[in-house]
Amino acid sequence: MRSASPRRCARRSRRPASPSPPSRDDAEPLMAWLDGATLRPSGEAAFVIEYGEEIDQTVGQRVAGLYAAISAAAPEGFVEAVPTFRSLLVLFDPDVTSKDAILAALPEESADAAAATTEWIVPACFDADVAEDLEEAARNLDLPPDTVRERLAASHYQIGMYGFAPGYAYMSGIDQSLTLPRRQKPRPPIPAGSIIMAAGMAVLCSVSMPTGWYVVGRTALTLFDPDRDPMVPFAVGDRLTFEPVSREELERLAREGNGLRRAS
Numbered sequence: 015m016r017s018a019s020p021r022r023c024a025r026r027s028r029r030p031a032s033p034s035p036p037s038r039d040d041a042e043p044l045m046a047w048l049d050g051a052t053l054r055p056s057g058e059a060a061f062v063i064e065y066g067e068e069i070d071q072t073v074g075q076r077v078a079g080l081y082a083a084i085s086a087a088a089p090e091g092f093v094e095a096v097p098t099f100r101s102l103l104v105l106f107d108p109d110v111t112s113k114d115a116i117l118a119a120l121p122e123e124s125a126d127a128a129a130a131t132t133e134w135i136v137p138a139c140f141d142a143d144v145a146e147d148l149e150e151a152a153r154n155l156d157l158p159p160d161t162v163r164e165r166l167a168a169s170h171y172q173i174g175m176y177g178f179a180p181g182y183a184y185m186s187g188i189d190q191s192l193t194l195p196r197r198q199k200p201r202p203p204i205p206a207g208s209i210i211m212a213a214g215m216a217v218l219c220s221v222s223m224p225t226g227w228y229v230v231g232r233t234a235l236t237l238f239d240p241d242r243d244p245m246v247p248f249a250v251g252d253r254l255t256f257e258p259v260s261r262e263e264l265e266r267l268a269r270e271g272n273g274l275r276r277a278s
């Protein structure tokens, strides 16, 4: 899973004829995939399938299912698909295929069919020395710091998209009582593995860099490794919860293994 820009496709003097629209037999499965969706062109080599305007985990599951199905079908001329919280960008070579041909290649099950997603438990430390902004966030929220910690640990997160930097995992599902605006001025670089929150979302940070979000925890995860297959530990649509651990336990996990495990 990676962010991408539409590939520039060599223009040829003649293009193959566009495939015919789906037949009557194909129309019903296709409508099931696109129920409630809006299709938008994005230049001649891409289109976007949008499911509404809200960030919602049911929508996220539909996007994950569509992403898996369209990537598996991968008709000739398909380049890649890029999922977000509520939409899917589909890139293709217009000299080889078309939007209609890609959609016609979708299988019969609908986007409501569950994607092959996984539920994870992620050890995380919310102690003040690693959750550097948690107490400030608590003051801004008018909540005790321990209440913020409890609500972070009790939230059920879903990986909604990757963006900003390789392996940066944007998540929905954070307790909405923890919603804060982004900082007006970015803070200095934060460690990789940090958990940050703002704007009703949370992010697992893969690399060290400045941020305008609040640092509220840390994991021992390596969130991006170009030599690993897959390069990121989570698929879009995966769900996770945080398991609070001490600073000492976090350091042990960093030495001996990150502690990531599947939920039972």
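For what it's worth, this note's numbering labels the leading residue of the sequence shown as 15, then goes sequentially.
Note that the Cβ used here is the ideal one computed from N, Cα and C, for glycine as well.
This one's a predicted model, so the numbers in the text were calculated from it and none came from an experiment.
Just tell me which of the options has its CA closest to the CA of residue i.
i    : options                   : result
C219 : T255, V104 and Y176       : Y176
E257 : A206, Y171 and T72        : Y171
R196 : L120, W227 and P203       : W227
C139 : V259, E265 and G271       : V259
V230 : A168, A152, F178 and E270 : A152
I204 : L105, N272 and E146       : E146
W134 : P97, G251 and R266        : G251
R253 : F178, L53 and D70         : D70
S222 : G214, P202, A213 and D241 : P202
P224 : L264, D241, A179 and T255 : A179
A213 : E263, T255 and L155       : L155
A59  : T255, D109 and E263       : D109
Could you give the residue range of the alpha helix (DSSP H) that holds residue i?
i    : result
V77  : Q71 to A87
E149 : L148 to L155
I135 : Here I135 belongs to no alpha helix (DSSP H); instead the beta strand (DSSP E) covers E133 to A138.
R165 : P159 to A168
I116 : K113 to A118
A268 : R261 to E270
Beta-carbon separation of residue i and residue j under 8 Å?
i    : j    : result
G79  : T111 : no
V217 : A268 : no
D143 : R261 : yes
P247 : L235 : yes
T131 : A51  : no
G181 : F238 : yes
A119 : A87  : yes
D107 : V93  : yes
F99  : S169 : no
E68  : S101 : no
P89  : I116 : yes
Within 10 angstroms of the Cβ of residue i, are there 16 or more other Cβ atoms? Answer buried if so, exposed if not.
i    : result
A82  : buried
A18  : The predicted model places A18 with a pLDDT of 43, which falls under 50 and marks its position as unreliable; any figure quoted below should be read in that light. When all chains shown are included, A18 counts as exposed.
P137 : buried
S208 : buried
L148 : buried
A95  : buried
L105 : buried
L53  : exposed
To the nearest angstrom, how far is the alpha carbon of residue i from that of residue j?
i    : j    : result
S56  : V62  : 7 Å
T193 : L103 : 28 Å
Q211 : N272 : It should be pointed out that residue 211 corresponds to Met in this sequence rather than to Gln. For M211 and N272, the distance between alpha carbons rounds to 21 Å.
R76  : L48  : 10 Å
D160 : T72  : 30 Å
R275 : T233 : 13 Å
L166 : Q198 : 23 Å
D287 : R266 : Limits of the chain in this structure are 15 at one end and 278 at the other, which puts residue 287 out of reach.
S191 : G74  : 21 Å
E164 : P121 : 42 Å
E150 : P200 : 14 Å
E270 : P240 : 21 Å
P35  : G66  : Low confidence applies here, because P35 scores a pLDDT of 43, under 50, leaving its location unreliable and the question unanswered by this model.
What first and last residue would you give for the beta strand (DSSP E) that runs through residue i?
i    : result
T349 : No answer is possible for residue 349: the residues shown for the chain start at 15 and end at 278.
R54  : T52 to P55
A145 : Segment: none, A145 is in no beta strand (DSSP E) and carries neither H nor E.
F8   : No answer is possible for residue 8: it lies beyond the span of the chain, which begins at 15 and ends at 278.
P180 : Unbroken run through P180: none, as it is neither H nor E.
V217 : M215 to L218
Y228 : Y228 to R232
R100 : Run containing R100: none; DSSP gives neither H nor E here.
T193 : Careful: T193 lies outside any beta strand (DSSP E) and carries neither H nor E.
E257 : R253 to P258
P203 : R201 to I204
S208 : S208 to A212
E58  : E58 -> no beta strand (DSSP E), and no H or E assigned at all.
Taking 7 Å as the cut-off, is the beta-carbon of residue i closer than that to any non-hydrogen atom of the ligand SAM?
i    : result
D241 : Inclusion of the ligand SAM in the displayed structure is not the case, the ligand content being empty and no account of it being possible.
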